[in-house]
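Numbering (the UniProt record's numbering), first residue to last: 1 to 313.
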């Protein structure tokens, strides 16, 4: 590959060894840097233009500095593939475990992996881990189970992968943090739960308290197609679970119109947010149970723990 094609591929960033292989001499490289035509990004890594580096150029610089076999990974790969909207403060790069990257690399976090030949994407540029592997890498380093839930559900909600593909990738890993939770969560996502909030409602409100099983993400066609987060059609009860995204500004008015239409049609709509479902799932279950019972459910909610207020006195 000639120099122009290489620079085009790598967004204007080049490694010293690449420059020498393309015909530059050591003195020429020194002169280009000293004259300000090139700028040094990391040791033996240069941007062949002036001014700030775009994000993709920063990623290439980190990969070239890390050396043979390096790929973007974790949050950096997630951002490149559209899994998240914020790349975070550092560039994440993974290298084969049989290598060591010496010296401090500013703004870059180096990870090591024995499985990198299996987890790197075969063709994407900049080089990066496969999407399913990126999700599981992020799950593995998640400090809290809620964060792990967020990565899995975001990947499925954005239609970047499927629960089946993630489960297949999970099965190939010998060690990963939060494995039992993720295995259960993938089954829930496959059943229609679309967010950590919906997963929490499914497990900590509905299942934990023995409530009827709702229909999740139910499509209702009429003058306008609507989607119901959790529907109990036998009892005319609907539960809407409001995360922050999509339920502010115009989204709030769409929610209100949807609730009003449901009331006109004889449905009761209960609406809960993060503070309700994560903060006090037992109180949510108790309230939901009372509405279901008033509309024909003959069951009784069960206590999920000592002192749970869900069962009726």
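In this text, a Cβ means the ideal position worked out from N, Cα and C, and glycines have one as well. Here the structure is a predicted model, which means the values were calculated and not measured.
How about residue i and residue j: are their beta carbons less than 8 Å apart?
i           : j           : result
residue 129 : residue 77  : yes
residue 73  : residue 50  : no
residue 241 : residue 292 : no
residue 199 : residue 193 : yes
residue 41  : residue 59  : no
residue 275 : residue 310 : no
residue 304 : residue 208 : yes
residue 127 : residue 120 : yes
In terms of residues, what are the limits of the alpha helix (DSSP H) holding residue i?
i           : result
residue 15  : No alpha helix (DSSP H) contains residue 15, which is instead part of the beta strand (DSSP E) from 13-15.
residue 205 : Counting along the chain, residue 205 falls outside any alpha helix (DSSP H), and DSSP gives it neither H nor E.
residue 279 : 274-279
residue 8   : 3-9
residue 196 : 196-200
Give the DSSP-derived three-state secondary structure of residue i in the structure shown.
i           : result
residue 29  : helix
residue 245 : Any reading at residue 245 must be qualified, since the residue scores a pLDDT of 35, below 50, and its modelled position is unreliable; the value itself is stated next. Residue 245: coil per DSSP, three-state reduction.
residue 151 : helix
residue 95  : strand
residue 268 : strand
residue 171 : helix
residue 179 : helix
residue 90  : coil
residue 251 : Unreliable positioning characterises residue 251 in this predicted model, as indicated by a pLDDT of 48, which lies under 50. The coordinate reading is nonetheless provided below. Helix, per DSSP.
residue 158 : coil
Which residue's Cα is closest to the Cα of residue i: the options?
i           : options           : result
residue 289 : 63, 306, 213, 228 : 213
residue 44  : 36, 52, 54, 66    : 66
residue 141 : 12, 1, 175        : 175
residue 183 : 62, 237, 170      : 170
residue 146 : 115, 178, 132     : 178
residue 231 : 28, 111, 281, 270 : 270
Hey, quick one: how far does the beta strand (DSSP E) through residue i stretch, first residue to last?
i           : result
residue 226 : 226-232
residue 219 : 215-220
Using a threshold of 7 Å, is the CB atom of residue i nearer than that to any non-hydrogen atom of the ligand MG?
i          : result
residue 57 : Ligands displayed in this structure: none; no statement on the ligand MG is therefore possible.
| Where in the stretch 98-147 do unbroken runs of the alpha helix (DSSP H), each at least 4 residues long, occur, reported from the N-terminal end onward? | You should have 116-119, 131-141.
| task | Scan the stretch 14-85 and note each continuous beta strand (DSSP E) run of 3 residues or more that stays entirely inside, going in chain order. | result | List check, beta strand (DSSP E) in window: 39-42, 45-47.
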